[in-house]
Structure formats: C-alpha cells, structure tokens
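Participant:
In this note's numbering, the protein residues as written are 65 to 280.
(1) Could you tell me whether the Cβ atoms of residue 105 and residue 198 are closer together than 8 Å?
(2) Starting from residue 248 and walking both ways along the alpha helix (DSSP H), at which residues does that stretch end?
(3) Residue 257 by DSSP, collapsed to three states: which one?
(4) Between which residues of its own chain and residue 152 is the CB-CB distance below 8 Å, once the five residues before and five after are set aside?
(5) Taking residue 183 as the reference, give the member of 263, 194, 138, 269 with the closest Cα.
(6) Whole angstroms are fine: how far does the CA of residue 194 sit from the CA of residue 69?
(7) Taking the alpha-carbon of residue 150 as reference, which of 188, 200, 237 has the nearest alpha-carbon?
(8) Can you tell me where the alpha helix (DSSP H) with residue 193 in it begins and where it stops?
(9) Would you list, in sequence order, the uninterrupted alpha helix (DSSP H) runs of no fewer than 4 residues that lie entirely inside the stretch 68-138?
(10) If you drop the 5 nearest sequence neighbours on each side, which residues of the same chain put their C-beta closer than 6 Å to that of residue 240?
(11) Which first and last residues belong to the alpha helix (DSSP H) in which residue 158 is found?
(12) Would you please state the rounded distance, in angstroms, between the beta carbons of residue 187 and residue 79? I believe it to be under 8 Å.
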C-alpha cells in the first residue's frame, strides 16, 4: 500500500491537465469563474460513480472472444462513461439557466463545461489506476485525461442541442462514444503502435479546444 505523500503526488500529476486548461481559459478570458470551474470538475467525479453503476449493468462475466471484447470496449466502457456525463451536465445546464434567469449560455461555455467534467472524471480515474501502478500516472494524465476531456466537450454540446437539434445532438454523442471506443481499442490491441491512441487523444483535445475558441 502506498503512503499518503506518494498518493498526493500522484493526484497532483493526475491533475496536471486541469491546471493547464485553467491557464488556457484564463489567458483566453473565457467566462468560467473559479466556482463554476470547480462545479464542472465535481460533476465529472460524480459521473465516474454513475459510470461504475452503469458498467455493472452491462457486465458479461465469463465472455471471451473478439465479439465480447468489442462489446466491452464500445458498450460497457465507452458508451456507459459517456452516458454517465449526460445527467450531470444536464443538471448543471438547468442550474445555470435558473441562475441566469433562463438565458442560455453560448455553446462554447457548455463545451468548456463538458471538457472540465471529463477532466474531473479522469483525475480520479488516473489517480486510482496510478495507486496500483505509479508508472501510469504521467502517461494517463496526458493521454486518457485528454481523451476524457475531449469527449466531455462533445457531450456538453450534446446536452444543449438535445431539444433544438436532436439529430446533431445524437451525432455529437456518438462521436464521443466512437472516439472513446477507438482509443480504448488501440490501447488494448498489442499489435498496434502506441502512437495511435496518443494521436487520437491529442487530436481529439485539439479539436475540442478549437470548438471552444471558435464558438466563444
């Protein structure tokens, strides 16, 4: 069992993407105050527990073979984790509208909120994995965390367009699930170069930041 100083250090490493995104938001003067920033991160932590509950419903003990692996990667992991973000972000959306007198915030705001929620999810997940294998901390902080943030941004845009643009909302959500699933598939495929999942994570995060900046 690792000691508290090492655990604290692993949490700091896991949170490095959060610090970098905070600096990026401040430099770009995006309208996310510290309180909302923390609320979005906490929403991601809550969605982690929701995902665990959903995954238990989709578990298929004893299954082997490629079919069961694809099911596990794209349904039990990717789909459930992206689904877990929906109710949390929807609740944040409703709270924000009530606070602002039913005035909707711009799409960039919700893409940023979803991104932060994904990073909050990733901080806890990375720290828990790293507690078992500390060597994973930095690798996951700059691959899996970026992937979660990028998918979260797409789910954030999904939430605000569910009523007005349901087809586009479905497309955004499925994009998040497919990106997530492809990343996991490449991580779990020993024959594929390690650079492939890294490329997916970085390119997905870069496109999410471009979406936030272009819609600001």
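Virtual Cβ for every residue (Gly too), placed ideally from N, Cα, C.
Values in this document were obtained by computation on a predicted structure and should not be read as measured data.
Facilitator: According to the structure data:
(1) By one-based count along the chain shown, residue 105 stands at place 41. By one-based count along the chain shown, residue 198 stands at place 134. Going by C-beta atoms, residue 105 is not nearer than 8 Å to residue 198.
(2) To locate residue 248, count along the chain shown from 1; it is residue 184. Per DSSP, residue 248 belongs to the alpha helix (DSSP H) from 230-251.
(3) For the purposes of this step, residue 257 is taken as the residue at position 193 of the chain shown. DSSP places residue 257 outside both helix and strand once states are collapsed to three, so it counts as coil.
(4) One-based indexing of the chain shown puts residue 152 at position 88. Answer for residue 152: 107, 108, 110, 111, 114, 181, listed in chain order.
(5) Numbered from its first residue, the chain shown carries residue 183 at position 119. Residue 269 is the option with its Cα nearest to residue 183.
(6) As a working mapping, residue 69 is identified with position 5 in the chain shown. As a working mapping, residue 194 is identified with position 130 in the chain shown. Their Cα atoms are separated by approximately 13 Å.
(7) To locate residue 150, count along the chain shown from 1; it is residue 86. Comparing Cα-Cα distances from residue 150 to each of 188, 200, 237, the minimum goes to 237.
(8) One-based indexing of the chain shown puts residue 193 at position 129. The continuous alpha helix (DSSP H) containing residue 193 extends over residues 171-196.
(9) Runs of the alpha helix (DSSP H) lying entirely within the stretch 68-138, each at least 4 residues long, are 68-78, 80-92, 98-121, 130-134 in chain order.
(10) Against the chain shown, residue 240 aligns to sequence position 176. Sequence-distant partners of residue 240 (beyond 5 residues in either direction) whose C-beta falls short of 6 Å from its own C-beta, in its chain, are 146, 215, 218, 219.
(11) In the chain shown, counting from the first residue as 1, residue 158 sits at position 94. Start and end: 144-163.
(12) On the chain shown, residue 187 is found 123 positions in, with the first residue counted as 1. On the chain shown, residue 79 is found 15 positions in, with the first residue counted as 1. Contact holds; Cβ gap of about 5 Å.
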